[in-house]
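Visitor: Sequential numbering of the sequence shown, starting at 299, is according to our numbering. Mind having a look at this structure? Questions to follow.
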Amino acid sequence: MNIKFKFVICVLLLLFPVKGFAETIYDQPYLGEFPDFFRERFSALALKQKAANNLATIVQQSDLIILAESEKISEAAESNDRITIYDTNVKILEILKGESTDKFLNLKFEASATSIENGSKHIFFLKRIKDNIKVLKASFIFPRGQGYDNYMRIFGAYDCSEDIGIDVINYLGNSTFPIDLDERLAKEYLSESWGKMYSSVHMASAISPVFGVPVLKMAVSVKDRKRFDIDLYGIAAYSLAVQQKHDYWQTILENIPSFEGNGRVAESVAFDLAATFGNEKIVPVIKDVVFKKPELAVSAAFALSKIKGKEAKSLIEFWLKDTELSKREEIISNGWQQRKTNFSTLFREALKKMEVTKEQ
């Protein structure tokens, strides 16, 4: 690769940073909202939209959920270079939700694995639309043997334990209460398998608040960089935040992950959730967090500016009068330039924003 070509690539990366770099380039406090580039992925409202399409929603939308075995499977004409669509007759082995007098169904579905063949088993999430049956989701169950006993795929290409996956679906579809589900889900999260860890957070989010809270708390309190994923963090933090419980807010705000090379996205996620779903009851939690970690004071102040109320305003004013805290500095970027700014200036901006919001 010649020097000129390398230079062009560097310029393009600077001008058009890809989403994969998002968590490494956002390195400033929460200032009341995310820049456009981050808002669609990390804001509280973006996390809310993601949660609206989780496993619980798919189960709720399904009229019929079945465990079935494929027969006469073939690739459908709708397939393309990116997506493989299968056309198959399936034999119903078990009904997990709904009712059906049929023993066989003809279905078209998007592949969730590469080893699908005659005899392959899936859990199909089905919706009846007039005289047709639409497959909302197909979750591949790995054949027993060859080291794949008790494996399935509910979330993309990530594996999870079959028994836990089916128990979660049964709970969501039939309100059955599986034995020791939280303990088994926690074990799944703590396993060495990234797929199991990933799937466990998604399942915990779908079944909270009745189940799943221990896994969600672990996901927002992670201390091992290798186990941290910003998207999983967002899912878990949102699922706890919407419950609006004091100890959940403590868990989120007291354990904000900070890893070298990961920027401060998690910090902004946590405080944007506090700003969006919090109320004056969490002001004491925020006060305690900043007392222990004064470097979070600016993010906390802008969250308080959106929470509003006398206690929130008084706390920002209290920090403003703290000379040691106020003289600390943050590096703030507008996307093109960076500037060092005293905490005191940023506290005043937060108070001003609070007043503007109040007038509106």
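Don't be surprised by glycine CBs; every beta carbon is placed ideally from N, CA and C. In this text, all values refer to a predicted model and were calculated from it rather than measured experimentally.
(1) Check whether the region 627-636 and the region 355-374 are in contact - that is, three or more C-beta pairs closer than 8 Å.
(2) Can you find the residues in the same chain that come closer than 7 Å, C-beta to C-beta, to Gln541, ignoring five residues on each side of it along the sequence?
(3) If we call anything under 7 Å between Cβ atoms a contact, is Val499 one with Ala455?
(4) Report yes or no: do three or more beta-carbon pairs, one from the region 350-359 and one from the region 573-584, lie closer than 8 Å?
(5) Counting along the chain, where does the alpha helix (DSSP H) carrying Ala455 start and finish?
(6) DSSP three-state call for Val540: helix, strand or coil?
(7) Does the contact criterion of 3 or more C-beta pairs under 8 Å hold for the region 502-521 versus the region 390-402?
(8) Please determine, among Asn640, Lys590, Asp461, the residue with the shortest C-alpha to C-alpha distance to Arg442.
(9) So, is Lys494 buried or exposed, given that buried needs 16 or more other C-beta atoms within 10 angstroms?
(10) Do Val583 and Leu644 count as a contact pair if the criterion is CB distance below 7 Å?
(11) Between the C-alpha atoms of Asp429 and Gln358, what's the straight-line distance to the nearest angstrom?
(12) Excluding five sequence neighbours on each side, which residues of the same chain lie with their C-beta closer than 6 Å to the C-beta of Leu649?
(13) What separation, rounded to the nearest whole angstrom, lies between the Cα atoms of Pro555 and Ile431?
(14) Buried or exposed: Asp465, going by 16 or more other Cβ atoms within 10 Å of its Cβ?
(15) Between the region 623-632 and the region 599-611, are three or more C-beta pairs nearer than 8 Å?
Guide: Concretely, from the data shown:
(1) no
(2) Pro507
(3) no
(4) no
(5) Ala455 -> no alpha helix (DSSP H), and no H or E assigned at all.
(6) In the structure shown, Val540 sits in coil (DSSP, three-state: anything other than H, G, I, E or B).
(7) no
(8) Asp461
(9) buried
(10) It is not a contact, given that the beta carbons lie outside the stated cut-off.
(11) Asp429 and Gln358: Cα-Cα distance of roughly 20 Å.
(12) Ile614
(13) One C-alpha to the other measures close to 44 Å.
(14) Label assigned to Asp465: buried.
(15) no
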